[in-house]
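Colleague:
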């Protein structure tokens, strides 16, 4: 798994590549937390090059969404969610907790 | 059935998914089924590592997998704390963000993604989790 963070005027984009499982999810959680620690609560998670995500990754996203939405200060949105991952998120009832965008720049434009 | 043993550590999840993925693919399962079989096996193994072996550092996880006719069978054996997935309450998927519980999600996915999930505590201190899935 590889994570890069890109700052935009109104939000940060966190691009997650590779595979997120119980071994690597703590790194994703950490990246989301450090964005929050830096006062960034409007976050796009770009999944265009994500190959796999287990419920450990879903947990990290949920924790971040809770923290970002507190006091109405922001939210986490998902961009370019690969089909298999979207299906698993849907099964877990997560798609209603996150706005999703087909294109990362469209997601950036949301903020 | 092919069997491999793994140290019960998260770092081996990649290999665990590869192992079942290869057997599922060779057995004629399509991409979507292969992904879901890998996900269910990952969730099962993650639960064993996290819960059954919570206080044990040198736990072993035995993974067997095989395809017969149109059915894949995956068996995970551990010697840790017994942890019956069927006793874990299902998560409330309609709960809003603040009330959403994250526990039980892996087990929920296992049950949704596979046709059968069966758990058995054997007398020789081993826990046996068996999952099966048929080709669509």
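Protein chains in written order, with my numbering: chain A, 6 to 116; chain B, 37 to 172.
Glycine is no exception: its CB is placed at the ideal position from the N, C-alpha and C atoms.
Taking the straight line between their C-alpha atoms, what separation do you get for residue 54 of chain A and residue 21 of chain A?
Modeller: A straight-line Cα-Cα distance of about 7 Å links residue 54 of chain A and residue 21 of chain A.
Colleague: Does residue 98 of chain A have its Cβ less than 9 Å from a Cβ in chain B?
Modeller: yes
Colleague: Residue 49 of chain B versus chain A: which residues are under 7 Å apart at the beta carbon?
Modeller: In chain order: 26, 27 and 28.
Colleague: Does chain A have any CB closer than 9 Å to the CB of residue 151 of chain B?
Modeller: Not closer than 9 Å to any Cβ of chain A, the Cβ of residue 151 of chain B fails to qualify, so no.
Colleague: Using CA coordinates, which residue listed in A:81, A:37 and A:108 is at the minimum distance from residue 101 of chain A?
Modeller: Of all alpha-carbon atoms in A:81, A:37 and A:108, the one lying nearest the alpha-carbon of residue 101 of chain A is that of A:81.
Colleague: From the DSSP secondary-structure annotation, give me the bridge partner or partners of residue 114 of chain B.
Modeller: B:97 and B:163
Colleague: Can you pull the DSSP bridge partners for residue 51 of chain A?
Modeller: In DSSP, residue 51 of chain A forms a bridge with A:20 and A:84.
Colleague: Of all the residues that make up the region 60-79 of chain A, which are near chain B by a beta-carbon distance shorter than 7 Å?
Modeller: If the cut-off is 7 Å between Cβ atoms, the region 60-79 of chain A has 60, 61, 63, 64, 67, 70, 71 and 74 near chain B.
Colleague: Quick one: is residue 53 of chain B buried, meaning 16 or more other Cβ sit within 10 Å of its Cβ, or exposed?
Modeller: buried
Colleague: Is there at least one Cβ from chain A nearer than 9 Å to residue 122 of chain B's Cβ?
Modeller: Not closer than 9 Å to any Cβ of chain A, the Cβ of residue 122 of chain B fails to qualify, so no.
Colleague: Rounded to a whole number of angstroms, what is the C-alpha to C-alpha distance between residue 111 of chain B and residue 15 of chain A?
Modeller: Using only the alpha carbons, I get a separation of about 49 Å.
Colleague: Give the straight-line distance between the Cα atoms of residue 109 of chain A and residue 8 of chain A, rounded to the nearest whole angstrom.
Modeller: Between residue 109 of chain A and residue 8 of chain A, the alpha-carbon positions lie close to 15 Å from each other.
Colleague: Just tell me which of B:59, B:72, B:39 and B:55 has its CA closest to the CA of residue 104 of chain B.
Modeller: B:59
Colleague: Evaluate residue 13 of chain A with the Cβ neighbour count: other Cβ atoms within 10 Å of its Cβ, from every protein chain shown; 16 or more gives buried, anything less gives exposed.
Modeller: With a threshold of 16 other beta carbon atoms within 10 Å, residue 13 of chain A falls short and is exposed.
Colleague: Jot down the residue ranges of each uninterrupted alpha helix (DSSP H) in the region 48-81 of chain B, minimum 4 residues, whole runs only, in chain order.
Modeller: 49-62
Colleague: DSSP state of residue 104 of chain A, grouped into three classes?
Modeller: strand
Colleague: Could you check what DSSP says for residue 117 of chain A in three-state terms: helix, strand or coil?
Modeller: Outside the displayed span of chain A (6 to 116) sits residue 117 of chain A, for which this structure offers no information.
Colleague: How far does the alpha helix (DSSP H) with residue 42 of chain A in it reach, from first residue to last?
Modeller: 30-42
Colleague: Is the beta carbon of residue 33 of chain A less than 9 Å from the beta carbon of residue 84 of chain A?
Modeller: no
Colleague: Going along chain A in order, which residues have a C-beta closer than 7 Å to the C-beta of residue 89 of chain B?
Modeller: The contacting residues do not exist; residue 89 of chain B stays about 12 Å from chain A at best.
Colleague: Does the CB of residue 142 of chain B have a neighbour CB from chain A at under 9 Å?
Modeller: Answer yes: the Cβ-Cβ gap between residue 142 of chain B and chain A drops below 9 Å somewhere.
Colleague: Is there a Cβ of chain B sitting closer than 9 Å to that of residue 110 of chain A, yes or no?
Modeller: no
Colleague: Using a Cβ-Cβ cutoff of less than 7 Å, which residues in the same chain neighbour residue 55 of chain B once the five nearest sequence positions on both sides are dropped?
Modeller: Closer than 7 Å at Cβ, skipping near neighbours: 40, 99 and 101.
Colleague: When the Cα of residue 43 of chain A is compared with those of A:72, A:107, A:94 and A:67, which residue comes out closest?
Modeller: Just measuring C-alpha positions, the residue of A:72, A:107, A:94 and A:67 sitting nearest residue 43 of chain A is A:72.
Colleague: Quick check on the burial criterion: 16 or more other C-beta atoms within 10 angstroms. Buried or exposed for residue 132 of chain B?
Modeller: exposed
Colleague: What are the boundary residues of the beta strand (DSSP E) that includes residue 112 of chain A?
Modeller: Residue 112 of chain A -> not in any beta strand (DSSP E); alpha helix (DSSP H) instead, spanning 109-114.
Colleague: Along chain A, which residues have their Cβ under 8 Å away from the Cβ of residue 134 of chain B?
Modeller: 71
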